[in-house]
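Engineer: If you want this note's numbering, it's the 1-based position in the sequence shown plus 17.
Glycine is no exception: its CB is placed at the ideal position from the N, C-alpha and C atoms.
Next up is a structure, given as structure tokens.
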Amino acid sequence: MAKKKKPLVPPALQWTALGGLVFLAVGGWIWATQFGSADHIVNVTVPNLSAQARQGRQVFDANCAACHGPDAGGTPQGPPLIHKIYEPNHHADGSFLLAVRRGVRQHHWSFGNMPPQPQIERADLAAILSYVREVQRANGIF
Ligand code: HEC
Numbered sequence: 018m019a020k021k022k023k024p025l026v027p028p029a030l031q032w033t034a035l036g037g038l039v040f041l042a043v044g045g046w047i048w049a050t051q052f053g054s055a056d057h058i059v060n061v062t063v064p065n066l067s068a069q070a071r072q073g074r075q076v077f078d079a080n081c082a083a084c085h086g087p088d089a090g091g092t093p094q095g096p097p098l099i100h101k102i103y104e105p106n107h108h109a110d111g112s113f114l115l116a117v118r119r120g121v122r123q124h125h126w127s128f129g130n131m132p133p134q135p136q137i138e139r140a141d142l143a144a145i146l147s148y149v150r151e152v153q154r155a156n157g158i159f
């Protein structure tokens with residue numbers, strides 16, 4: 018009578034390997050959801066805006082939202098401005114002026130550089146700032 022063939026990999030080891038695969042899959046999923054590329058996008062609540070902020074929102078939507086997102090919550094092309102990093106103590110209004118005039122070299126994130134936005138007039142910038150600060154305040158940034 019032929020001897021029963023031994024399995025190439027002992028069953029106990031097969032289970033161990035399966036466990037390892039499940040571990041990797043679950044770990045990978047958690048990693049992707051926690052640290053994946055979209056984790057910077059913020060769910061923004063837009064409050065009742067002042068007249069100046071409403072005007073700023075229009076300028077923002079036309080010139081900044083492509084990268085910074087509708088409601089400044091971020092996109093795959095740029096960071097959210099409704100973020101602790103951009104609270105007034107860390108990024109005062111002057112840093113918005115510089116960003117618009119000179120552009121921004123990549124330093125906080127990994128989206129690349131922000132190109133200058135020379136089409137933005139001073140009055141537009143003041144309106145954008147009202148908008149961003151009002152939304153930041155409504156979202157507990159400061
Ligand atoms: C082409 C994409 C793009 C557009 C358009 C854009 N930004 Fe940016 N912006 C960026 C990126 C990317 C950064 C982050 C750079 C970093 O810190 O790594 C940034 C950073 C900033 C910062 C932070 C500056 C600092 O000192 O760190 C401000 C403020 C800002 N943007 C405002 C604006 C405003 C206002 C507009 C519209 C008038 C605008 N951005 C349009 C991509 C863009």
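(1) Within the continuous alpha helix (DSSP H) that includes residue 80, where are the two ends?
(2) Determine whether the beta carbon atoms of residue 84 and residue 94 lie at a separation below 7 Å.
(3) Taking residue 137 as the reference, which of 46, 56, 65 and 79 has the closest Cα?
(4) Specify the secondary structure class of residue 95 as computed by DSSP and reduced to three states.
(5) Please confirm whether residue 70 and residue 147 have their CB atoms less than 7 Å apart.
(6) Would you mind sorting residue 144 into buried or exposed? The rule is 16 or more other CB atoms within 10 Å of its CB.
(7) If I measure Cβ to Cβ from residue 59 and keep anything under 7 Å in the same chain, skipping five residues before and after, which residues do I get?
(8) DSSP three-state label for residue 43, please.
(9) Would you grab the beta carbon distance between residue 125 and residue 158 for me? Rounded to a whole angstrom, and I think it's under 8 Å.
(10) Mind pulling the beta strand (DSSP E) runs of 3 or more residues that sit fully within the segment 98-157?
(11) What three-state label does DSSP hand residue 33 in the structure shown?
(12) Identify whether residue 87 lies in helix, strand or coil by the three-state DSSP scheme.
Structural biologist: This is what the structure holds:
(1) Element bounds for residue 80: 68-80.
(2) In this structure, residue 94 lies closer than 7 Å to residue 84 by Cβ.
(3) Nearest to residue 137 by C-alpha distance, out of 46, 56, 65 and 79, is 79.
(4) In the three-state reduction of the DSSP assignment, residue 95 falls in the strand class.
(5) It is a contact, given that the beta carbons lie within the stated cut-off.
(6) Per the 10 Å Cβ criterion, buried.
(7) These residues qualify, in order along the chain: 90, 91, 97, 99 and 100.
(8) It is helical.
(9) With a Cβ gap of about 15 Å, residue 125 and residue 158 do not count as contacting.
(10) As far as the segment 98-157 is concerned, it has no whole beta strand (DSSP E) run of at least 3 residues.
(11) Here residue 33 carries a helix assignment [DSSP, helix/strand/coil].
(12) Helix.
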